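In mature numbering (1 follows the signal peptide of the UniProt record, and there is no 0), the protein residues as written are -20 to -1, 1 to 208.
Reading through the C-alpha coordinates given below for one structure.
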(Lines of atoms letter the chains of each structure in order from A and count residues from 1; the text may use other names and numbers.)
(Lines give C-alpha, C1' and ligand atoms only; values in the text may rest on other atoms or scores of the structure.)
Protein backbone atom coordinates (compact mmCIF):
# COMPACT_ATOMS: atom_id res chain seq x y z
CA UNK A 1 0.00 0.00 0.00
CA UNK A 2 2.86 2.33 0.89
CA UNK A 3 4.46 1.55 -2.46
CA UNK A 4 1.24 2.40 -4.26
CA UNK A 5 0.95 5.71 -2.43
CA UNK A 6 4.57 6.55 -3.35
CA UNK A 7 3.91 5.75 -7.01
CA UNK A 8 0.80 7.94 -7.04
CA UNK A 9 2.71 10.79 -5.41
CA UNK A 10 5.58 10.46 -7.89
CA UNK A 11 3.18 10.35 -10.83
CA UNK A 12 1.43 13.47 -9.59
CA UNK A 13 4.78 15.27 -9.23
CA UNK A 14 5.79 14.32 -12.78
CA UNK A 15 2.40 15.49 -14.06
CA UNK A 16 2.82 18.83 -12.27
CA UNK A 17 6.35 19.29 -13.59
CA UNK A 18 5.20 18.41 -17.10
CA UNK A 19 2.85 21.38 -17.03
CA UNK A 20 5.72 23.82 -16.48
CA UNK A 21 7.00 25.69 -19.53
CA UNK A 22 9.17 28.67 -20.39
CA UNK A 23 8.50 31.73 -22.52
CA UNK A 24 11.36 33.97 -23.63
CA UNK A 25 11.09 37.25 -25.46
CA UNK A 26 10.78 41.01 -25.28
CA UNK A 27 8.22 42.84 -23.16
CA UNK A 28 6.13 44.96 -25.52
CA UNK A 29 3.24 45.95 -23.26
CA UNK A 30 2.39 46.62 -19.62
CA UNK A 31 -1.30 46.25 -18.75
CA UNK A 32 -1.09 46.90 -15.01
CA UNK A 33 1.11 46.13 -12.02
CA UNK A 34 1.08 42.37 -12.50
CA UNK A 35 0.19 41.77 -16.16
CA UNK A 36 2.31 42.29 -19.29
CA UNK A 37 2.78 41.13 -22.88
CA UNK A 38 5.84 39.31 -24.19
CA UNK A 39 6.72 38.97 -27.89
CA UNK A 40 8.72 35.79 -28.55
CA UNK A 41 11.21 35.08 -31.34
CA UNK A 42 8.43 33.70 -33.52
CA UNK A 43 6.56 37.03 -33.25
CA UNK A 44 3.85 35.46 -31.10
CA UNK A 45 2.46 37.56 -28.26
CA UNK A 46 1.92 36.07 -24.81
CA UNK A 47 -0.17 37.76 -22.14
CA UNK A 48 1.53 37.01 -18.84
CA UNK A 49 0.07 37.27 -15.34
CA UNK A 50 2.77 37.31 -12.66
CA UNK A 51 2.37 34.31 -10.39
CA UNK A 52 1.89 34.38 -6.60
CA UNK A 53 1.40 38.15 -6.32
CA UNK A 54 -1.41 40.66 -6.72
CA UNK A 55 -0.73 44.31 -7.56
CA UNK A 56 -3.18 47.15 -6.89
CA UNK A 57 -5.84 47.62 -9.54
CA UNK A 58 -5.30 50.54 -11.93
CA UNK A 59 -8.22 52.43 -10.36
CA UNK A 60 -6.98 51.67 -6.85
CA UNK A 61 -4.63 53.85 -4.75
CA UNK A 62 -1.03 53.02 -5.78
CA UNK A 63 -2.23 51.20 -8.91
CA UNK A 64 -0.43 53.55 -11.30
CA UNK A 65 2.78 53.37 -9.29
CA UNK A 66 2.70 49.58 -9.36
CA UNK A 67 2.32 49.63 -13.15
CA UNK A 68 5.14 52.16 -13.39
CA UNK A 69 7.44 49.94 -11.31
CA UNK A 70 6.76 46.92 -13.51
CA UNK A 71 7.41 49.05 -16.58
CA UNK A 72 10.74 50.25 -15.14
CA UNK A 73 11.80 46.67 -14.49
CA UNK A 74 10.66 44.98 -17.68
CA UNK A 75 9.35 47.14 -20.53
CA UNK A 76 11.42 46.81 -23.70
CA UNK A 77 13.68 44.19 -22.12
CA UNK A 78 14.41 40.55 -22.85
CA UNK A 79 12.83 38.35 -20.20
CA UNK A 80 12.48 34.74 -19.18
CA UNK A 81 9.07 33.66 -17.91
CA UNK A 82 8.89 30.36 -16.03
CA UNK A 83 5.23 29.44 -16.32
CA UNK A 84 3.06 26.85 -14.63
CA UNK A 85 -0.38 27.18 -16.22
CA UNK A 86 -2.87 29.38 -17.99
CA UNK A 87 -5.62 31.08 -16.00
CA UNK A 88 -9.28 31.35 -17.01
CA UNK A 89 -8.45 34.45 -19.07
CA UNK A 90 -5.90 32.46 -21.11
CA UNK A 91 -2.99 34.35 -19.55
CA UNK A 92 0.23 32.49 -18.81
CA UNK A 93 0.87 32.48 -15.05
CA UNK A 94 4.62 32.89 -14.59
CA UNK A 95 7.59 33.99 -12.54
CA UNK A 96 9.45 36.63 -14.55
CA UNK A 97 13.20 37.12 -14.58
CA UNK A 98 14.89 40.19 -16.09
CA UNK A 99 18.69 40.48 -16.02
CA UNK A 100 18.81 38.09 -13.07
CA UNK A 101 16.11 39.96 -11.12
CA UNK A 102 13.07 38.06 -9.87
CA UNK A 103 10.41 40.58 -10.85
CA UNK A 104 7.63 38.95 -8.82
CA UNK A 105 9.70 39.11 -5.63
CA UNK A 106 10.89 42.64 -6.40
CA UNK A 107 7.35 43.98 -6.62
CA UNK A 108 6.56 42.52 -3.21
CA UNK A 109 9.87 43.67 -1.68
CA UNK A 110 9.42 47.26 -2.84
CA UNK A 111 5.79 47.45 -1.74
CA UNK A 112 4.23 47.45 -5.19
CA UNK A 113 2.28 44.21 -4.77
CA UNK A 114 0.84 41.87 -2.18
CA UNK A 115 1.48 38.17 -1.85
CA UNK A 116 -1.60 36.59 -3.43
CA UNK A 117 -2.24 34.31 -0.46
CA UNK A 118 -5.08 32.44 -2.16
CA UNK A 119 -2.78 31.23 -4.96
CA UNK A 120 0.75 31.65 -3.59
CA UNK A 121 3.03 28.61 -3.94
CA UNK A 122 6.26 30.25 -2.77
CA UNK A 123 7.64 29.97 0.76
CA UNK A 124 9.83 33.08 0.53
CA UNK A 125 7.27 35.73 -0.40
CA UNK A 126 5.39 36.11 2.92
CA UNK A 127 8.63 37.02 4.74
CA UNK A 128 9.57 39.44 1.97
CA UNK A 129 6.18 41.10 2.32
CA UNK A 130 6.56 41.34 6.11
CA UNK A 131 9.86 43.21 5.66
CA UNK A 132 8.30 45.65 3.18
CA UNK A 133 5.36 46.21 5.51
CA UNK A 134 7.59 46.82 8.54
CA UNK A 135 9.65 49.33 6.56
CA UNK A 136 6.48 51.01 5.22
CA UNK A 137 7.72 50.60 1.66
CA UNK A 138 5.54 51.54 -1.29
CA UNK A 139 1.85 50.95 -0.71
CA UNK A 140 2.52 50.13 2.96
CA UNK A 141 3.30 53.81 3.51
CA UNK A 142 -0.22 54.87 2.56
CA UNK A 143 -2.96 55.78 5.05
CA UNK A 144 -4.35 52.59 6.56
CA UNK A 145 -7.75 53.03 4.95
CA UNK A 146 -6.15 52.91 1.48
CA UNK A 147 -4.23 49.68 2.09
CA UNK A 148 -6.79 47.27 0.68
CA UNK A 149 -5.85 44.00 -0.99
CA UNK A 150 -6.92 43.96 -4.65
CA UNK A 151 -9.21 40.97 -4.12
CA UNK A 152 -11.13 42.91 -1.47
CA UNK A 153 -11.10 46.01 -3.66
CA UNK A 154 -12.62 44.11 -6.57
CA UNK A 155 -15.28 42.72 -4.26
CA UNK A 156 -16.10 46.22 -3.04
CA UNK A 157 -16.32 47.54 -6.60
CA UNK A 158 -18.79 44.80 -7.50
CA UNK A 159 -20.91 45.76 -4.50
CA UNK A 160 -20.84 49.38 -5.63
CA UNK A 161 -21.92 48.44 -9.16
CA UNK A 162 -24.70 46.26 -7.79
CA UNK A 163 -25.98 49.10 -5.61
CA UNK A 164 -26.01 51.46 -8.58
CA UNK A 165 -27.81 48.94 -10.80
CA UNK A 166 -30.44 48.26 -8.16
CA UNK A 167 -30.99 51.97 -7.62
CA UNK A 168 -31.36 52.54 -11.37
CA UNK A 169 -33.94 49.77 -11.59
CA UNK A 170 -35.95 51.36 -8.78
CA UNK A 171 -35.81 54.65 -10.68
CA UNK A 172 -37.01 53.02 -13.88
CA UNK A 173 -33.56 52.93 -15.49
CA UNK A 174 -32.88 56.64 -15.28
CA UNK A 175 -29.27 57.68 -15.66
CA UNK A 176 -28.92 59.07 -12.15
CA UNK A 177 -29.02 56.34 -9.52
CA UNK A 178 -30.55 56.87 -6.11
CA UNK A 179 -27.18 56.35 -4.49
CA UNK A 180 -26.25 59.77 -5.86
CA UNK A 181 -23.38 61.11 -7.93
CA UNK A 182 -21.01 60.89 -4.95
CA UNK A 183 -21.25 57.08 -4.91
CA UNK A 184 -18.74 56.02 -7.54
CA UNK A 185 -16.53 59.04 -6.99
CA UNK A 186 -15.15 60.60 -3.83
CA UNK A 187 -17.72 63.27 -3.07
CA UNK A 188 -18.40 65.35 0.02
CA UNK A 189 -19.81 62.71 2.34
CA UNK A 190 -17.87 62.31 5.58
CA UNK A 191 -20.23 60.80 8.17
CA UNK A 192 -22.01 57.47 8.65
CA UNK A 193 -25.36 59.25 8.78
CA UNK A 194 -24.84 60.25 5.14
CA UNK A 195 -24.26 56.67 3.97
CA UNK A 196 -27.15 54.76 2.46
CA UNK A 197 -25.61 51.28 2.55
CA UNK A 198 -22.64 49.30 3.83
CA UNK A 199 -21.25 49.16 0.28
CA UNK A 200 -21.26 52.96 0.10
CA UNK A 201 -19.63 53.23 3.53
CA UNK A 202 -16.93 50.74 2.46
CA UNK A 203 -16.36 52.74 -0.72
CA UNK A 204 -15.80 56.01 1.12
CA UNK A 205 -13.72 54.37 3.84
CA UNK A 206 -11.43 52.32 1.62
CA UNK A 207 -11.22 54.25 -1.65
CA UNK A 208 -11.70 57.81 -0.45
CA UNK A 209 -9.77 57.47 2.81
CA UNK A 210 -12.56 58.77 5.08
CA UNK A 211 -11.09 57.17 8.21
CA UNK A 212 -13.60 58.81 10.57
CA UNK A 213 -16.15 56.23 9.39
CA UNK A 214 -14.27 53.68 11.49
CA UNK A 215 -14.44 55.34 14.89
CA UNK A 216 -13.22 52.34 16.91
CA UNK A 217 -10.41 51.50 14.45
CA UNK A 218 -11.45 47.87 14.00
CA UNK A 219 -11.37 48.04 10.20
CA UNK A 220 -15.17 48.06 9.87
CA UNK A 221 -16.79 51.38 8.91
CA UNK A 222 -20.22 52.47 10.12
CA UNK A 223 -20.99 49.61 12.50
CA UNK A 224 -24.76 50.10 12.26
CA UNK A 225 -24.59 49.46 8.53
CA UNK A 226 -21.70 47.01 8.28
CA UNK A 227 -21.64 45.31 11.70
CA UNK A 228 -22.75 41.71 12.05
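Positions of the beta carbon are idealized from the N, C-alpha and C atoms, including for glycine.
None of these values were measured; they are calculated from a predicted model.
Within the same chain, no Cβ atom closer than 6 Å to the Cβ of residue 48 is found once the five residues on either side in sequence are excluded.
Distances from the CA of residue 79 to each of 68, 101, 60 and 94 were compared; the closest alpha carbon is that of 60.
DSSP places residue 30 in the uninterrupted beta strand (DSSP E) bounded by 25 to 30.
Residue 30 sits close to residue 76, with the two beta carbons spaced by under 8 Å.
Using a 10 angstroms sphere on the CB of residue 130, the tally of other CB atoms reaches 16 or more, which defines it as buried. If you draw a straight line from the Cα of residue 176 to the Cα of residue 170, it comes to about 12 Å. The DSSP-derived three-state label of residue 184 is helix. A contact is defined here as three or more CB-CB pairs under 8 Å, and the segment 21 to 38 meets this definition with respect to the segment 64 to 75. Around the beta-carbon of residue 43, 16 or more other beta-carbon atoms lie within 10 Å, marking it buried.
Per DSSP, residue 51 lies in no beta strand (DSSP E) segment; the continuous alpha helix (DSSP H) that holds it begins and ends at 43 to 54.
Residue range 203 to 206 is occupied by the alpha helix (DSSP H) that includes residue 206. Linking residue 95 to residue 21 through their CA atoms gives a straight-line distance of about 31 Å. If you draw a straight line from the Cα of residue 205 to the Cα of residue 97, it comes to about 28 Å.
Using a Cβ distance threshold of 8 Å, residue 92 and residue 56 do not count as a contacting pair. Residue 35 counts as buried, since no fewer than 16 other beta carbons sit within 10 angstroms of its beta carbon.
When only Cα atoms are considered, residue 111 and residue 104 end up about 11 Å apart. Cβ-Cβ distances below 6 Å link residue 166 to 188 in the same chain, with the five nearest sequence neighbours on each side left out; the list follows chain order.
If you draw a straight line from the Cα of residue 128 to the Cα of residue 65, it comes to about 27 Å. Per DSSP, residue 114 lies in no beta strand (DSSP E) segment; the continuous alpha helix (DSSP H) that holds it begins and ends at 105 to 114. Taking the Cα positions, residue 50 is about 23 Å away from residue 68.
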